[in-house]
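**Q** Numbering (this note's numbering), first residue to last: 355 to 639. The structure's right below; bear with me while I get my questions together.
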Amino acid sequence: MEVIETRQQLRTWRGKVYGSVGFVPTMGALHEGHLSLVRRSLSENPWTLVSIFVNPRQFGPNEDYQRYPRTLETDLRLLENLGASAVFTPPVEEIYSPEDEVHISLTRLSRLWCGSYRLGHFDGVALVLTKLFHLIAPSRAYFGEKDFQQVRIVEKMVEELFFPIEIVRCPTVREPDGLAMSSRNTYLSPRGRAQAVALYKVLQYIQTLAPTTHRTAELLQEAQTYIAERFPDVKLEYIAIVDEYSLQPIDHLRQSARPRALIAAYVEGVRLIDNLLLTPPEEES
Ligand code: PAF
């Protein structure tokens, strides 16, 4: 496995490889969720490149950029064992310069949900991915559905900017109790960790009500009560039921062929997100 730190080394590597290149962008602190993306890429491409770059532009001033877990040695070992072809782990100066002019400003999708609480977050994601897509020129790029809004925005960006890249969505990988895997789970104390399962539990609860309760306002009211009664340490940021293509909220489950529940909440000051595709009423047996 080649470990690449500069754009020049990356260009050289890219010039040597033929056939499809699968790209797995990450910020490191790898867990089974990331590894599932790498495995999928390895199964679909002769070459798989993983980037490890904690992107300063996607963190707000009061967010956890400095504190974000950095576990490079372990990450490299895991990727080597899986059989990744190369890892791109650039220092910040390889990607950004203080004189940079270009900023990407997204509109509709990025202002909803997480974007309305994390101002500029998706602009930063779009900027770093644009740079990485240009440098790596992958055939396919792999994203986990846990960050559902991110996947939709990346799909839209790739379509609008004519990147010849297939975006591959991969299912969320969960802990045995259902908590979605996330690098930020490591911030939680054992008590916080026990409360964090609330996000998945409430999504499942909505799913169990969905065949009989089709009005989303009712579902969301039930969901809020469920959290308040069972998980008092969980501070809900938002919970929504949307059409998964437009990310727009829906009033009734029948309004979308693919309704999806999205949630963001704080546990011990740690921001966690999750989402679940709901079976639309038409598909009931
Ligand atoms: O999902 C992430 O880890 C990041 O947002 C990404 C896609 C690597 C861009 O920095």
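We put the beta carbon where it would ideally sit given N, CA and C, even for glycine.
Taking Cβ positions, are MET355 and GLU434 nearer each other than 8 Å?
**A** Contact: yes.
**Q** TYR450: which of LEU460, THR366 and GLN412 sits nearest, CA to CA?
**A** Per the Cα distances, GLN412.
**Q** Let me check understanding here. Comparing Cα to Cα, which of LEU590, VAL404 and LEU364 lies closest to ALA619?
**A** When each option's Cα is compared against that of ALA619, the closest is LEU590.
**Q** Would the region 525-533 and the region 548-562 be scored as touching if the rule is three or more Cβ pairs under 8 Å?
**A** With a cut-off of 8 Å, the region 548-562 and the region 525-533 count as touching, because enough Cβ pairs lie within range.
**Q** If GLU359 sits next to GLY376, beta carbons under 8 Å apart, how far is it from one beta carbon to the other, in whole angstroms?
**A** Contact doesn't hold; Cβ gap of about 20 Å is too wide.
**Q** Give me the DSSP bridge partner(s) of ARG528.
**A** BP columns for ARG528 point to ALA534.
**Q** Taking 7 Å as the cut-off, is the C-beta of ASN629 nearer than that to any heavy atom in the ligand PAF?
**A** No.
**Q** Just the Cα atoms here: how many angstroms apart are ARG547 and PRO444?
**A** Taking the straight line from one Cα to the other gives about 32 Å.
**Q** For the ligand PAF, is there any heavy atom lying closer than 7 Å to the beta carbon of ASN409?
**A** Checking the Cβ of ASN409 against the ligand PAF gives yes.
**Q** With GLY414 and GLY469 assumed to form a contact (beta carbons below 8 Å), what rounded beta-carbon distance in angstroms separates them?
**A** Actually they do not touch by this definition, with Cβ atoms about 11 Å apart.
**Q** Mind pulling the beta strand (DSSP E) runs of 3 or more residues that sit fully within the region 583-621?
**A** 588-597 and 613-621, all fully within the region 583-621.
**Q** Report the rounded CA-to-CA distance for GLU520 versus GLU583, giving the unit in angstroms.
**A** Those two C-alpha atoms are separated by around 43 Å.
**Q** Grab the span of the alpha helix (DSSP H) containing ASP429 for me, first residue to last.
**A** That run of the alpha helix (DSSP H) goes 426-436.
**Q** Answer with buried or exposed for GLU638, where buried requires no fewer than 16 other C-beta atoms within 10 angstroms of its C-beta.
**A** Note that GLU638 scores a pLDDT of 49, beneath 50, so its modelled location is shaky; the value from the coordinates is reported in the next line. GLU638 comes out exposed.
**Q** Is it true that the region 456-470 meets the region 502-517, where meeting means three or more beta-carbon pairs spaced less than 8 Å apart?
**A** Counting Cβ pairs under 8 Å, three or more are found: they touch.
**Q** Comparing C-alpha positions only, which one of ILE490, ARG431 and PRO525 sits nearest to GLY387?
**A** It is PRO525.
**Q** What would DSSP say about PRO544, mapped onto helix, strand or coil?
**A** PRO544 falls in the helix class under three-state DSSP.
**Q** Of the choices ALA383, PHE516 and LEU389, whose alpha-carbon is the least far from that of ARG424?
**A** Checking every option, the nearest Cα to that of ARG424 belongs to ALA383.
**Q** Between which two residues does the beta strand (DSSP E) containing ILE519 stretch?
**A** Here ILE519 belongs to no beta strand (DSSP E), and DSSP marks it neither H nor E.
**Q** Exposed or buried, what is ALA615 when buried is set at 16 or more other beta-carbons lying within 10 Å of its beta-carbon?
**A** It counts as buried.
**Q** So what's THR380 in DSSP terms, helix, strand or just coil?
**A** In this structure, THR380 counts as strand in the three-state DSSP scheme.
**Q** Assuming ASP628 is part of the beta strand (DSSP E), what are its boundary residues?
**A** Segment 624-631, the beta strand (DSSP E) holding ASP628.
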